[in-house]
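Below you'll find the structure, written out as structure tokens, and then a few comments.
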Amino acid sequence: MEKGSNLIVVSAVLPIHIKKEDGRYTVHISPGGLVTALKQVLHKRKALWIGWAGSEKITPKMKNLIFEEGKKEGFLLYPISLTEREIDHFFNGFSNGIIWPMFHTFQYFCRFEPEYWKAYQEVNRKFARYIKSISTEKDLVWVHDYHFFLLPQYIENLGLKRKTAFFLHIPFPNPELFFKIPWRVEILKGMLRYDLIGFHTFIDRKNFLDCIDELVEGVNILSTEPVTEILYEGKKIKIGVFPISVDFNYYSSLSEKSEKSRFPFKDLKVILGIDRLDYTKGLIQKIRSYKRFLEKYPEFHKKVVLVQAVAPNIKKLPEYDQLKVELEHLISETNGRFGTPDWTPIYYYPRRMPFEDLINYYRFSDICWVNSIKDGMNLVAKEYIACQIENKGALMLSEFTGAAAELRDHACLVNPYDIEGCADALYRVLTKDSSKKELKMQRMREHIKHYDISWWGNTMLETAFGKKIIDFPELEE
Ligand code: GDG
3 MEKGSNLIVV SAVLPIHIKK EDGRYTVHIS PGGLVTALKQ VLHKRKALWI GWAGSEKITP
63 KMKNLIFEEG KKEGFLLYPI SLTEREIDHF FNGFSNGIIW PMFHTFQYFC RFEPEYWKAY
123 QEVNRKFARY IKSISTEKDL VWVHDYHFFL LPQYIENLGL KRKTAFFLHI PFPNPELFFK
183 IPWRVEILKG MLRYDLIGFH TFIDRKNFLD CIDELVEGVN ILSTEPVTEI LYEGKKIKIG
243 VFPISVDFNY YSSLSEKSEK SRFPFKDLKV ILGIDRLDYT KGLIQKIRSY KRFLEKYPEF
303 HKKVVLVQAV APNIKKLPEY DQLKVELEHL ISETNGRFGT PDWTPIYYYP RRMPFEDLIN
363 YYRFSDICWV NSIKDGMNLV AKEYIACQIE NKGALMLSEF TGAAAELRDH ACLVNPYDIE
423 GCADALYRVL TKDSSKKELK MQRMREHIKH YDISWWGNTM LETAFGKKII DFPELEE
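Numbered per my numbering, the sequence shown spans residues 3 to 479.
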């Protein structure tokens, strides 16, 4: 960061978990996802993070608790209130009911309500006003994710000059999908008011540039690699590829402390799945493939277990309720068909797994299976690798994750739609020579250790401040 400048981080939801016990509220920084990722980057920076605090009504006392909790971690947290209507229309309606499904290729879930678009604009304006009240011209405003495509435009409309950087944590769709959004031009033009835009992969950036090329007139490309620079309405915009990662050393050292004696499955090969309840994560396809594996390879009965943790989703939409019903039906059918009094083929964990247990599973599971239909990056894959301190495990990874662009040479790539193919891939990984597996894991660990979360954060921030960066990972284009 430049001297004298502060970092203002903006995300839709603050990285906190508010709990009410015996009438008293407690606030904790929640581990996982963007939160874990950013926490490490911000730790030693003068940072202020603004976002919605979740569904509880924020009292001054709670505001104070949130503030104190952030201070412990070395940054300031500032909660922004959303009205019921904003939660419903901006958060659930537009962001999670249109952008999330469309950008993950689930266009049939989109409900294009004009009211949602109105609320999206209003909340972006609201955040712009907050930024006006807390920032100065020297600061960098670092905005996260698809809830804020219009924010820099509204910051400008308030007559403010702010350096702005934006990172998209989800994929960017190709023109065929993106063009279906009724407000496609407004979204693109809104994004083009950022100074820096970051994506996880080359394909996301290409999709974005292809959409711009078709829909926005007057864009000139000034330079390309490694960061593309374009000129639009007198403004230079940098567009980079910054694959997000995890704090390798943190996960690795926690893993060293985990104990085999606490691991519940001693005599079974453990296949691990850690996912949020989301249709993008390919959960139905995973269970169907596992079921096919059990049908096809009976020699593995009583030798394997699929441990599938499914953390609840904060998005309140009917798709998630339906998914839960379907998933649980499929799991119980599979356990009913293949299970015996002394063996349950799927250990289903329908809650958020405590962080310590998660590390224990990451360290001692034989396989981690990420089966996303579409995923911006997928941090579970990288966390698993970071915890594999003995290089024993293997990663089965959907080719439709951002992580696959980095790990394709050493992970076992699968197509989640190919039920038979996934069942066979599982068999191959389970029967693979252990020295070959070790070598692959070692290579993946070297990669994640180098391109870790600090690399990601520093590279993005330094690019925002105009430094030329040359150390980028080799990615599939
Ligand atoms: C978005 C993009 C992109 C999950 N279950 C439990 C648990 N988790 C933690 C994991 C991991 C995080 O949640 C999930 O991160 P992902 O990257 O897999 O997915 P999204 O939440 O969809 O995140 C994604 C990411 O942003 C960052 O840019 O990679 O593509 O969709 O950290 O560990 N943690 C605990 N118990 C659980 O049961 N403790």
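For every residue, glycine included, the Cβ atom is placed at its ideal position computed from N, Cα and C. All of these numbers come straight from a predicted model, not from anything done at the bench.
A distance below 6 Å between beta-carbons, with the five flanking residues on each side excluded, links P352 to the following residues of its chain, in chain order: V312. DSSP, reduced to helix, strand and coil, places T403 within a strand of the structure shown.
In the three-state DSSP reduction, V221 falls in the strand class (E or B). In the three-state reduction of the DSSP assignment, I246 falls in the coil class.
Annotation for E385: the continuous alpha helix (DSSP H) segment containing it runs 381-389. F267 and I369 have their C-alpha atoms some 13 Å from each other. Between ligand 1 and I241, a heavy atom-to-CB distance of less than 7 Å is absent. Assigned with DSSP and collapsed to three states, L84 falls in coil, not helix or strand.
When the Cα atoms are used, R294 and V416 turn out to be separated by approximately 15 Å. Closest in C-alpha terms to G192, from the list E178, F204, T166, N176, comes T166. In this structure, S83 places its C-beta atom within 8 Å of the C-beta atom of I60.
DSSP lists no beta-bridge partner residue for R410. Taking 7 Å as the cut-off, the C-beta of I172 counts as close to a heavy atom of ligand 1. Membership of E335 in any beta strand (DSSP E) is not indicated; the residue belongs instead to the alpha helix (DSSP H) covering 320-340. For ligand 1, a non-hydrogen atom lies closer than 7 Å to the CB of F357. Here the distance from the Cβ of M379 to the nearest heavy atom of ligand 1 is below 7 Å. Note that the C-beta distance between K182 and M104 is below 8 Å.
Between ligand 1 and A311, a heavy atom-to-CB distance of less than 7 Å is present.
R26 has E23 as its beta-bridge partners, per DSSP. V382 has its CB nearer than 7 Å to a heavy atom of ligand 1. Counting of Cβ neighbours within 10 angstroms places V306 among the buried residues, the total reaching 16 or more.
E231 sits in a strand when the DSSP states are folded into three classes. Burial state of H449 is buried, judged by a 10 Å Cβ sphere holding 16 or more other Cβ atoms. With fewer than 16 neighbouring CB atoms inside 10 Å of its own CB, T342 falls in the exposed class. Contact between the region 421-435 and the region 465-472 is absent: fewer than 3 CB-CB pairs across the two stretches fall below 8 Å. For the pair S334 and F402, the Cα-to-Cα distance works out to about 27 Å.
A direct Cα-to-Cα measurement between F250 and P116 gives close to 43 Å. At a Cβ-Cβ threshold of 8 Å, L179 and Q109 count as neighbours. By the CB criterion at 8 Å, R207 and V243 fall inside the cutoff.
Between P245 and D212, the CB-CB gap reaches or exceeds 8 Å.
For K240, the secondary structure class from DSSP, reduced to helix, strand or coil, is strand.
N126 is not a Cβ neighbour of F93, given a cutoff of 8 Å.
Relative to I136, the option among I157, A121, I205 whose CA is nearest is I157.
Taking C-beta separations shorter than 7 Å and ignoring five residues to either side along the sequence, the partners of L190 in its chain run C213, I214, L217, V218, following chain order. Burial check for I223: the Cβ neighbour count within 10 Å stays below 16, so the residue is exposed. Not one heavy atom of ligand 1 is found less than 7 Å from the C-beta of G200.
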